[in-house]
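There are 2 protein chains.
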Amino acid sequence: MTTSDPTGLHRVLDEPVAGSLPLPQAARRLDTRPTLWPDEVRIRVERLNLDAASFRQLESAHDGDGDAVRREVLDIVAERGKMQNPVTGSGGMLVGVVEEVGPESPLGLAVGDRVATLVSLTLTPLVIEDALEGWTGEDEQVPCDGYAILFGRSIAAVLPDDEAPELALSVMDVCGAPALTRRIVTTYAEESKIDGEASKTDASGVTVAVIGGGGKSGSLSLAAAREAGAGHLIGVVPTDSEAERLRAAGLADEVVVADARNPVALRDAITKAGGPADVTVVCVDVPGCEGGAILATADGGTVIFFSMATSFSAAALGAEGLAADVTMLVGNGYVPGHAAYALDLLRANPGVRSLFEGRLAP
Amino acid sequence: MTTSDPTGLHRVLDEPVAGSLPLPQAARRLDTRPTLWPDEVRIRVERLNLDAASFRQLESAHDGDGDAVRREVLDIVAERGKMQNPVTGSGGMLVGVVEEVGPESPLGLAVGDRVATLVSLTLTPLVIEDALEGWTGEDEQVPCDGYAILFGRSIAAVLPDDEAPELALSVMDVCGAPALTRRIVTTYAEESKIDGEASKTDASGVTVAVIGGGGKSGSLSLAAAREAGAGHLIGVVPTDSEAERLRAAGLADEVVVADARNPVALRDAITKAGGPADVTVVCVDVPGCEGGAILATADGGTVIFFSMATSFSAAALGAEGLAADVTMLVGNGYVPGHAAYALDLLRANPGVRSLFEGRLAP
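Top to bottom, those sequences are chains P and W. According to our numbering, the first sequence is numbered sequentially starting from 14. According to our numbering, the second sequence is numbered sequentially starting from 14.
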């Protein structure tokens, strides 16, 4: 191909089927040439963060033999031109420094910027040049010298100077959740006219429940709901010890312990804590939370599903079976400005910081 | 239980696990006593419509032996107190006449109303009293004498006098799609103030694409988008013959043929037909349409997934991988007033009627 496509289609090397190519994520093999198309960016890679599910699979397939894990990662990247675990289908993200920016790149990056990619490694052309010599193969954090390519529609966030890189990465990894939570809470705010002219939104009547409020995406979502002005915040956690930590963080008005897989228990717990919720945010990675989230949500309310364990049909049939007039959103990991917003929440909320640092502590 | 729960929890006969009961849909066995709790309704059943996937499974498991199929349905209903295929997990719907209405029922039904239930048989207490003598077991339409119970949160729609029951049922079966399409198109309409006071919404700038526009839910969604005032309607169909039928029905401004599983082809076809779309409605029951629907949608637009073949993770990761700022909705089959609205669309649109009648014709 002589012209580039913002999706990266011009780097897909698969044979066309019926005249058409798969997108890079679904492709077997990507073109990794270092020369840039005009809308691309090349990154000098410093570190790969393998997706946790992918690393676990590799580790267990090779019985914890780090050399074998390293060889398999090298083989995958050499063969496919990207890091995509063939069993889990997942990738990860990378950290590096911008090496060259095409003249038509819309990403707003400059040479020398230290960035994290927020699109998956499963669609990022990647060449490893140091045979991963600095990696034992025993950890999902992979020191790496090499280069990667970003497309016109990719996303990368500049790492902040004032935060530890591990903490910043950990926040950026889930930054879609708070940004979308803020957006949805705002849609429930009432417009209050001032002097009949200027107007301002008032979300103080909005109740938000976050299932898994003590986790990474959950605590950021609580902070986002507060920042958006929501009047009543309910955090749901699975254990007393997690409840204690979330209470200490001060991010919710009410913290309740409930099993999110038990629909009636979840509904009753949220109702007792001041629900039903206008906005329910599901942040727990266990299957079977759809019914409870729907039942805990007020008529006309919205459920945002951020858990990858969500079943589309369980949500759709569950709401229909309960005659629940709720809007259900597939949590989109991309909202413009999401990374900067999540870092702002980290800086403004000591409670968020303490929960994140507690998770990173060895 | 002495008091009823609007979800029907009071009729679940399963043993509680950790002090809690599953909802009726997930329950093993329901209480089918004919005596009503105050918020319930009892229906005299005339016909069961088994879910197509369920009937196909039964038919093939018994090699087309109708007597064996009938015996299995009788066994399931006798054992579980509801019709839920243990393999497919699905049920179906029923038609009958209201026999008794509890004094606190919120459903608005009167004794003698002929109704179709719009919640699944998988959560509806059912007793069969005629041993299904009128059924050969060779057809998913099951003549039946017996009774069924509706809960406070169930849904039933009164069948219209002026339409053939098969046609009305066929419309009601997919009535969530047009109601939600209308609601979403309306959110994209601009408010235009008239004399600074009264206001009216103008959706003439809204472009809607319906993937699978020639099908049942698709054609109704096109008609709903038109009724809501959308300015430009694009119908996408898989074959030339279906394109011809949809053009003849006059429901779309542009009809294009594209394979919805091919993301780039779908995007290009919709762009050429006047897209990208502000609202994209996915009504085709084949897997792999998430990427194309996302790519065909404008920044800030909405994708409504009505297909049960939708993959939650493909939608979530697909949008993130494409840095697509789109809102993605799990199509909820319940929107208040949905059945009456869908029938209104049938009556107002000869094109919708002709497509539906064409499908019902033997």
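Where a beta carbon is used, it is the ideal one built from N, C-alpha and C, also for glycine. A quick note: this is a predicted structure, and the numbers were derived from the prediction, not measured.
Between Ala329 of chain W and Gly344 of chain P, the C-beta gap is smaller than 8 Å, which places the two residues in contact. Thr15 of chain W is outside the set of residues whose beta carbon lies under 8 Å from a beta carbon in chain P. From the listed residues P:Val187, P:Gly147 and P:Arg41, the smallest Cα separation to Arg93 of chain P is found for P:Arg41. Under the three-state reduction of DSSP output, Gln70 of chain W falls in the helix class. Residue contact check for Phe68 of chain W against chain P: no CB pair falls below 8 Å. It is roughly 14 Å from the alpha-carbon of Asp175 of chain P to the alpha-carbon of Ala355 of chain P. The closest CA to that of Ala190 of chain W, considering only W:Ile162, W:Gly218, W:Lys229 and W:Arg166, is found on W:Lys229.
Assignment of Ile283 of chain P by DSSP, reduced to helix, strand and coil, places it in the helix class. Rounded to the nearest whole angstrom, the CA to CA distance from Pro156 of chain W to Leu373 of chain W is 18 Å. From the beta-carbon of Ser33 of chain P, the residues of chain W found nearer than 7 Å are Asn275, Val277 and Ala278. Fully contained in the region 33-90 of chain W are the following alpha helix (DSSP H) runs of length 4 or more, in chain order: 65-74. Close to chain W, meaning a Cβ-Cβ distance shorter than 9 Å, are the following residues of the region 335-363 of chain P: Leu335, Ala336, Ala337, Asp338, Val339, Thr340, Met341, Leu342, Val343, Gly344, Asn345, Gly346, Tyr347, Val348 and Pro349. Between Ser324 of chain P and chain W, the shortest Cβ-Cβ separation is below 8 Å. Counting along the chain, the unbroken alpha helix (DSSP H) around Arg360 of chain W starts and ends at His351 to Ala361. Burial of Asp338 of chain W is indicated by the presence of at least 16 other C-beta atoms within 10 angstroms of its C-beta. Following the DSSP letters along the chain, one finds Phe325 of chain W inside the alpha helix (DSSP H) bounded by residues Phe325 to Gly334. In the three-state DSSP reduction, Val171 of chain P falls in the strand class (E or B).
In this chain, Val184 of chain P is not harboured by any beta strand (DSSP E); it is covered by the alpha helix (DSSP H) spanning Pro178 to Met185.
Excluding its 5 nearest sequence neighbours in each direction, Val25 of chain P has C-beta neighbours in its own chain below 7 Å: Leu34, Pro35, Pro37, Ala40 and Leu43, listed in chain order. Counted as a single uninterrupted DSSP element, the alpha helix (DSSP H) harbouring Glu255 of chain P occupies residues Asp253 to Ala262.
In this structure, the CA atom of Gly109 of chain P is about 56 Å from the CA atom of Ser183 of chain W. The Cβ atoms of Thr293 of chain P and Gly314 of chain P lie closer than 8 Å to each other. According to the DSSP secondary-structure assignment, Leu107 of chain W is paired through a beta bridge with W:Leu61. For chain W, none of the residues of the region 51-65 of chain P brings a beta carbon within less than 8 Å of one of its beta carbons. With a cutoff of 8 Å on beta-carbon distance, Phe319 of chain W and Val295 of chain W are scored as near each other. Excluding the 5 residues flanking it on each side, Ser367 of chain P has same chain C-beta neighbours closer than 7 Å at Ala262, in chain order. In the structure shown, Gly248 of chain W falls within a strand segment according to DSSP collapsed to helix, strand and coil. Our two residues, Ala222 of chain P and Ala327 of chain P, have alpha carbons roughly 20 Å apart in a direct line. Take the alpha-carbon of Thr220 of chain P and the one of Thr200 of chain P: they are about 13 Å apart. Chain order gives the chain W residues near Arg166 of chain P as Gly334, Leu335, Ala336 and Ala337, where near means a beta carbon separation below 9 Å. Going by beta carbons, Ser118 of chain P and Asp18 of chain P fall outside the 8 Å limit. When Cβ-Cβ separations below 8 Å define contact, Val221 of chain P makes no contact with chain W. Residue-level contact by beta carbon fails for Ser232 of chain P and chain W, as no gap is shorter than 8 Å. Minimum Cα-Cα distance from Arg166 of chain P among the listed residues P:Pro289, P:Gly364, P:Ala361 and P:Val348 corresponds to P:Val348. By a beta-carbon distance limit of 8 Å, Val54 of chain P contacts Leu163 of chain P. Their separation comes to about 4 Å.
With 16 or more other Cβ atoms inside 10 Å of its own Cβ, Glu303 of chain W counts as buried.
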